[in-house]
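J.: Protein chains in written order, with the working numbering: chain Z, 1 to 421; chain D, 422 to 543. Quick reminder that beta carbons are idealized off the backbone N, C-alpha and C, glycines included.
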Amino acid sequence: MQVVQDVVCTFCGSVCDDGEFDVEKKKVKKFCRLGSSKFSEKERIKAPMVDGKEVSYETAIEKAAEILANAKRPLLYGWASTANEAIRLGVILAEKLGGVYDQCASVCHAPGTLAVIEEGLPGATLGSIKNRADVVIFWGANPAEAHPRHGLRYSISAKGLLVKDRKQRKVVVVDVRPTKTAKMADLFVQIKPGYDYAVISALRAIISGNADVLPSEVGGVPKEKLIELAELMKSARYGAILYGLGVTQSRGRDRNIENAIKLIQLLNRTNRWVIWPMRGHYNVVGAGEVPAWEAGYQYAIDFSRGYPRFSPAEFSAVEVLKRKDCDAALIVASDPAAHFPAVAVKHLKQIPVIQIDPFPNMTTLLAKVVIPSAVYGIEAEGTAYRMDGIPLRLKKILETNYWTDEKILEELLKRVEKLKG
Amino acid sequence: MIVVELISGRTLDQGATVEEKLSEEYFRAVNYVGLSEEDFKSLGLKEGDAVRVSTDFGEVVVFAKKGELPKGMAFIPMGPYANAVIDPATDGTGMPQFKGVKAKIEKTDEKVKTVKELLEAI
């Protein structure tokens with residue numbers, strides 16, 4: 001029986017690196033339900049396809065290159081579930097094509113990026129949080145369902161160097177509903193949807209000694225409870241706010257995060273506090289970091305003028321599609337047909353779409369060219385950034401005939417360069 | 422008919438089936454709306470009944486389920502059903518408002534569309 005040790009999971013942003021993979025049974029041990037499903041066998045796209053007809057990789061890539069080279073302004077979107085090596089080629093391709101590069105964060109954690117541009121990011125690695133944080137606040141985040149092993153490895157019951165166990169760590173959940181994570185918390189603060197900004201402002205007022213200006217209730221939370229939370233925050237030796245999409249996808253978006261960073265700055269006058277997003281896909285950080293080191297921006301980048309311009313109001317995928325501002329799309333390792341608002345999907349249905357993905361999904365149903373790829377971390381190796389920006393090497397543990405995203409994009413780039421001259 | 426504040430988000434079932442979007446399991450993981458017990462009763466629903474969820478941005482028929490939610494709040498797992506009704510406005514950030522949309526919910530005899538039918542209807 002061959003068992004591969006220290007397998008790296010390519011599902012969520014926690015990127016657990018302690019799996020054990022039984023090569024014969026094709027089963028993974030130690031991982032959560034999400035990780036186990038990632039490593040289980042499932043339906044694949046069988047072969048490259050053009051207009052639903054099976055073709056060779058070469059033919060599909062040739063057709064894809066033709067579509068992209070003839071487009072005035074293609075959208076290149078996805079990238080959160082592939083390796084940095086592939087993302088790098090995607091950014092170069094976007095530049096060659098004069099297209100738009102955008103990635104999954106634009107419908108996930110990108111508002112946090114806007115806040116970080118304004119305020120900076122007092123952050124930490126997951127290792128630091130595990131070893132030091134005696135107060136952890138999950139704000140609009142539900143790791144019990146989205147990052148199931150995060151609590152065990154880093155933030156709730158994790159055994160750290162200085163904070164040794166669950167008893168030495170206070171866990172708080174701020175959410176609009178009693179989530180599964182809320183049930184594990186020492187303190188649950190239920191707020192009204194869309195009131196994150198107001199509640200953060202109230203905490204800032206209390207911590208800066210102005211509790212008297214507050215009304216008896218803010219955002220559905222009684223003043224006494226807010227004071228209790230503020231006191232707990234002030235008592236921390238090392239505190240961490242780990243926020244989720246509850247903050248970035250609701251009213252206030254980037255401004256909520258900006259206000260939360262200001263709260264952290266205030267707390268850092270007396271204590272050590274950090275704030276960090278609970279990133280979703282395993283390499284969504286890479287989908288932002290790689291274009292940042294290639295072109296200076298993390299997402300919503302337009303290359304149509306020959307140099308990179310960043311403007312989420314114009315160049316984020318949802319805005320581009322809503323305005324019908326792209327005439328072709330390359331979708332890599334993502335499924336916008338399932339995850340974009342219907343009005344954006346409508347334009348995607350009207351333009352030629354090229355999909356590169358291991359698995360059939362809703363975007364496959366509308367794609368003109370479909371190119372199946374190998375699964376990173378299982379059938380292909382590469383590099384990914386964990387949610388805290390730590391790069392991890394993804395392993396190849398099974399052989400496959402599928403091409404990697406990197407190889408497909410390399411070939412695509414060569415052909416585009418030839419056509420573009 | 423009731424008026425609720427609609428949110429969408431991840432669930433374990435949604436996550437575990439997200440790489441099998443055309444499967445029955447994914448369909449089951451994302452095709453429902455969770456309601457508080459009180460709201461569920463006030464609509465005269467039983468498990469497995471369908472409801473029409475309508476907002477200023479669209480409407481969709483989904484199954485109704487009791488969920489651990491405050492009265493007046495509804496939850497649809499992230500995915501194509503939620504995205505038929507959420508607010509696509511991004512206020513210049515690129516991020517649609519996936520959470521916090523006013524929605525009307527009413528009982529219906531209409532069929533819940535499959536993932537494919539949903540895409541065809543867009």
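Short check: CB of Z:Ala-86 to CB of Z:Lys-170, under 9 Å?
T.: no
J.: Write down the C-beta distance between D:Val-536 and D:Leu-427 rounded to the nearest angstrom, noting that I regard them as a contact closer than 8 Å.
T.: That pair is no contact at about 20 Å.
J.: Just to confirm, is the Cβ distance from D:Tyr-447 to D:Phe-484 under 9 Å?
T.: no
J.: Grab the span of the alpha helix (DSSP H) containing Z:Ala-384 for me, first residue to last.
T.: Careful: Z:Ala-384 lies outside any alpha helix (DSSP H), inside the beta strand (DSSP E) at 382–385.
J.: Excluding the five sequence neighbours on either side, which residues of its own chain have a C-beta within less than 6 Å of the C-beta of D:Tyr-502, listed in chain order?
T.: Around D:Tyr-502: Val-451, Asn-452, Val-481, Val-483.
J.: Listing by chain order, which chain D residues have their CB less than 7 Å from the CB of Z:Arg-33?
T.: Leu-433, Ala-437
J.: Along the chain, where does the alpha helix (DSSP H) that runs through Z:Thr-113 open and close?
T.: Run containing Z:Thr-113: 110–119, per the alpha helix (DSSP H) assignment.
J.: Pull up the distance between the alpha-carbon of Z:Ala-367 and that of Z:Val-343, whole angstroms please.
T.: 17 Å
J.: In chain order, which continuous runs of the alpha helix (DSSP H) of length 4 or greater are located wholly inside the region 442–514 of chain D?
T.: 445–451, 458–463, 501–504
J.: Is the CB of D:Leu-443 under 9 Å away from at least one CB in chain Z?
T.: It does: the Cβ of D:Leu-443 has a partner Cβ on chain Z nearer than 9 Å.
J.: Are there three or more Cβ pairs, one per stretch, closer than 8 Å when the region 9–17 of chain Z is compared with the region 323–341 of chain Z?
T.: no
J.: Going by DSSP, what residue range makes up the beta strand (DSSP E) through Z:Cys-192?
T.: The sequence given here places Lys at residue 192 of chain Z; Cys does not occur at that position. Note, Z:Lys-192: premise wrong, no beta strand (DSSP E); not H, not E.
J.: In the structure shown, what three-state DSSP assignment does Z:Gln-2 receive?
T.: coil
J.: Do we get a CB-CB distance below 9 Å when we pair Z:Leu-114 with the residues of chain D?
T.: yes
J.: For D:Asp-434 and Z:Lys-42, I'd like the C-alpha separation in whole angstroms.
T.: Rounded to whole angstroms, D:Asp-434 to Z:Lys-42 spans 16 Å at the Cα level.
J.: Please classify Z:Leu-413: does DSSP put it in a helix, a strand, or coil?
T.: helix
J.: Determine the extent of the beta strand (DSSP E) in which Z:Ser-208 is found, giving its start and end residues.
T.: Segment: none, Z:Ser-208 is in no beta strand (DSSP E) and carries neither H nor E.
J.: Can we say the region 401–409 of chain Z touches the region 384–392 of chain Z, given the rule of at least three CB pairs closer than 8 Å?
T.: no
J.: What are the boundary residues of the beta strand (DSSP E) that includes Z:Tyr-101?
T.: 100–103
J.: Since Z:Leu-161 and Z:Leu-413 are thought to touch, with beta carbons under 8 Å apart, how far apart are those beta carbons, to the nearest angstrom?
T.: Not confirmed; about 46 Å, so no contact.
J.: For Z:Gly-239, count neighbouring C-beta atoms within 10 Å of its own C-beta (all shown protein chains included) and say buried if the count is 16 or more, exposed if not.
T.: buried
J.: Find the residues of chain Z that neighbour D:Thr-514, judging by a C-beta separation of less than 8 Å, and give them in chain order.
T.: Ala-110, Pro-111, Leu-114, Arg-253, Asp-254, Pro-312, Ala-313, Ser-316
J.: Tell whether a beta-carbon distance below 9 Å holds between Z:Arg-251 and Z:Tyr-197.
T.: yes
J.: By Cβ distance below 7 Å, which residues in the same chain neighbour D:Pro-509 in space, the five residues on each side in sequence not counted?
T.: Within the same chain, D:Pro-509 has close Cβ partners Phe-478, Pro-517.
J.: How is Z:Arg-309 classed by DSSP in three states: helix, strand or coil?
T.: strand
J.: Whole angstroms are fine: how far does the CA of Z:Ser-37 sit from the CA of Z:Gly-52?
T.: Annotation: Z:Gly-52 to Z:Ser-37 spans about 27 Å, alpha carbon to alpha carbon.
J.: Provide the residue span of the alpha helix (DSSP H) that contains Z:Ser-36, from first to last.
T.: 33–39
J.: Checking the sheet assignment: what are the DSSP bridge partners for Z:Pro-372?
T.: Z:Pro-372 is bridged to Z:Asp-357.
J.: Rounded to whole angstroms, how far is the Cβ of Z:Ile-275 from the Cβ of Z:Tyr-299, which I believe are closer than 8 Å?
T.: Taking the Cβ atoms as the reference, Z:Ile-275 lies roughly 20 Å from Z:Tyr-299, outside the contact range of under 8 Å.
J.: Would you mind reading off the limits of the alpha helix (DSSP H) that contains Z:Trp-293?
T.: For Z:Trp-293, the enclosing alpha helix (DSSP H) covers residues 284–295.
J.: I need the straight-line Cα distance from Z:Val-135 to Z:Tyr-101, nearest angstrom please.
T.: 38 Å
J.: Taking C-beta to C-beta, are Z:Val-23 and Z:Ile-351 nearer than 9 Å?
T.: no
J.: Please state whether the Cβ-Cβ distance between D:Met-494 and D:Phe-519 is less than 9 Å.
T.: no
J.: Between the Cα of Z:Ile-207 and those of Z:Lys-262, Z:Thr-383, Z:Pro-193, spot the shortest distance and give me the residue it belongs to.
T.: Residue Z:Lys-262 holds the alpha-carbon nearest to the alpha-carbon of Z:Ile-207 among Z:Lys-262, Z:Thr-383, Z:Pro-193.
J.: Is the Cβ of D:Ser-429 closer than 9 Å to any Cβ of chain Z?
T.: yes
J.: So, at 8 Å on beta carbons, what are the nonlocal neighbours of Z:Gly-219 in its own chain, with the 5 sequence-adjacent residues on each side left out?
T.: Ile-191, Lys-192, Tyr-195, Asp-196, Ala-198, Val-199, Ala-202
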